[in-house]
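Notes follow once the structure below has been shown.
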Amino acid sequence: MLRPPPKFVYVRWIGLLATLIPMSALLIIYLFSPAPLEGLLYSIAVIAPLLFFSYYLDLIMRLIPMPERIKHPFLKVWISWIIAFPIARLGISEPIIAKLIGSTISFDERALFAMLFLGAIYGVFFYTAYMVLFRIYVRRKLSKGALPEEFY
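Written as structure tokens, this is what we have:
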């Protein structure tokens with residue numbers, strides 16, 4: 173199921189959907205918290221940068237210098253999220269959250285290592301969700317006989 177197609181094509185709206193699936197669970201958890209308004213603000217501040225990076229992940233994969241030996245798309249997506257997740261969380265989300273709610277993370281090397289680790293975990297889950305949604309998309313396009321040329 174997680175084997176990539178013969179030619180890996182990144183469809184941006186599927187990347188957005190792959191991010192929205194786990195983030196909707198986070199949003200539901202925060203909405204049922206004792207302070208739902210703060211939970212909503214926190215989840216939007218966390219989700220928005222991840223949505224931005226998931227939409228433009230194909231550009232991020234091109235910008236990051238990868239060894240030529242890396243051919244499998246899982247490694248490219250995984251490495252891209254290891255780099256993009258800390259930028260989204262520590263560079264974009266945390267300053268917004270600090271202004272709205274107050275600081276939630278102490279900025280030190282442990283926070284950076286934790287975000288790199290969370291980026292690695294998120295990369296695995298993102299790739300899994302993306303491949304499942306991508307296969308559904310390709311299957312539906314093939315059933316209609318309208319698969320775009322970039323897939324060949």
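Taking the working numbering, the leading residue of the sequence shown gets 173, the next gets one more, and so forth.
C-beta: ideal position from N, C-alpha, C; glycine also.
- The beta carbons of residue 222 and residue 191 sit closer together than 8 Å.
- With a beta-carbon spacing of about 10 Å, residue 295 and residue 229 fall beyond the 8 Å limit used to define contacts.
- Between residue 214 and residue 269, the gap from beta carbon to beta carbon is short of 8 Å.
- By the Cβ-count criterion, residue 240 is exposed, with fewer than 16 other Cβ atoms from all chains shown falling within 10 Å of its own Cβ.
- In the three-state scheme derived from DSSP, where H, G and I count as helix and E and B as strand, residue 308 is classed as helix.
- Taking a C-beta distance under 8 Å as the contact criterion, residue 290 and residue 257 qualify as a contact pair.
- Taking the Cα of residue 244 as reference, the smallest distance to any Cα among 299, 316, 315 and 262 is reached at 299.
- For residue 266, the enclosing alpha helix (DSSP H) begins and ends at 266 to 272.
- Per DSSP, the unbroken alpha helix (DSSP H) holding residue 219 starts and ends at 208 to 227.
- Apart from sequence neighbours up to five positions away, the residues of its chain that approach residue 273 with a beta-carbon distance below 8 Å are 210, 213 and 214, ordered along the chain.
- Rounded to whole angstroms, residue 250 and residue 198 show a C-alpha spacing of 21 Å.
- For residue 248, same chain residues with a beta-carbon under 7 Å away, outside a window of 5 residues either side, are 233, 238 and 242 in chain order.
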